[in-house]
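Residue numbers (our numbering): 124 to 384. All residues carry an ideal CB built from backbone N, CA and C; glycine is no exception. Here the structure is a predicted model, which means the values were calculated and not measured.
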């Protein structure tokens with residue numbers, strides 16, 4: 124405890140759980156606050172990088188790599204669940220935890236590998252978005268790349284108006300992608316028997332390894348685990364960025380285990 128702030132700030136806040144609301148309108152409104160971080164993180168699974176790598180895998184290996192998508196999403200769900208529970212139970216995001224628990228050399232190493240992992244995964248996202256603009260508008264790839272950079276900075280700029288604004292923008296974009304995906308399924312008419320078979324039965328050869336790794340990397344992204352602890356904390360508990368300016372120290376590791384169960 125420091126400066127009158129309890130070590131676990133989140134345990135002293137009355138959570139606005141949807142189940143305790145009286146009317147269904149109040150329940151729906153409260154539940155919508157929980158969906159913001161989910162929609163933000165879900166971008167990692169239906170972004171241009173996923174489309175680019177999955178289309179490449181499908182065009183070269185047909186349905187045989189569908190099992191990679193299944194297991195990539197299961198791994199990502201597991202990691203996101205742990206990260207979200209960490210943020211809710213402790214009131215501290217994952218990056219702050221690393222900074223307070225590990226030594227400076229270890230944190231430098233973690234920062235380095237996270238930076239390069241983010242750069243590697245974002246390369247697929249950047250190329251996917253660039254190709255998307257190229258296919259939609261028929262403009263040169265260089266112009267498409269510059270448009271991608273501009274749109275990215277525009278969305279980042281929207282954060283100054285509040286995190287919920289960014290969440291709403293991303294939710295609209297996800298809705299458009301989801302609608303496009305269902306229309307694609309309708310027009311493509313996939314062979315559902317092969318889809319089910321190759322989703323459940325793994326198969327891999329030397330020529331498909333790199334595409335499979337790309338599909339995995341486009342789904343299991345390291346920086347989304349850090350993102351979910353922060354966004355879930357702000358939305359779930361009704362906190363804002365001022366929480367970062369408070370000196371909240373984590374409790375003993377044993378306390379974490381009790382709250383994470």
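Query, Result
"For residue 341, the first and last residue of its enclosing alpha helix (DSSP H)", "332-342"
"Neighbour flag for residue 157 against chain B, beta carbons, 8 Å", "Given the protein chain composition of this structure (a single chain), no chain B is represented."
"Nearest-angstrom beta carbon gap, residue 293 and residue 162 [assumed within contact, 8 Å]", "6 Å"
"Contact under 8 Å by Cβ, residue 342 with residue 168", "yes"
"Whole-number beta carbon distance between residue 322 and residue 197, since they are thought to touch under 8 Å", "Residue 197 to residue 322, Cβ: 12 Å. No contact."
"Whole-angstrom C-beta distance between residue 337 and residue 237, which should lie under 8 Å", "The pair is not a contact, with the Cβ atoms about 19 Å apart (cut-off 8 Å)."
"Residue 340 beta carbon less than 8 Å from that of residue 253", "no"
"Neighbour-count burial assignment, residue 207, 16 or more Cβ in a 10 Å radius", "buried"
"Per-residue DSSP class, three states only, for residue 152", "helix"
"Residue 290, buried or exposed, once every other Cβ within 10 Å from all chains shown has been counted against 16", "buried"
"Distance, residue 283 Cα to residue 369 Cα", "Low confidence applies to residue 369: its pLDDT is 41, below 50, so where it sits in the model is not reliable enough to give any reading."
"For residue 242 and residue 264, the rounded distance between their alpha carbons", "20 Å"
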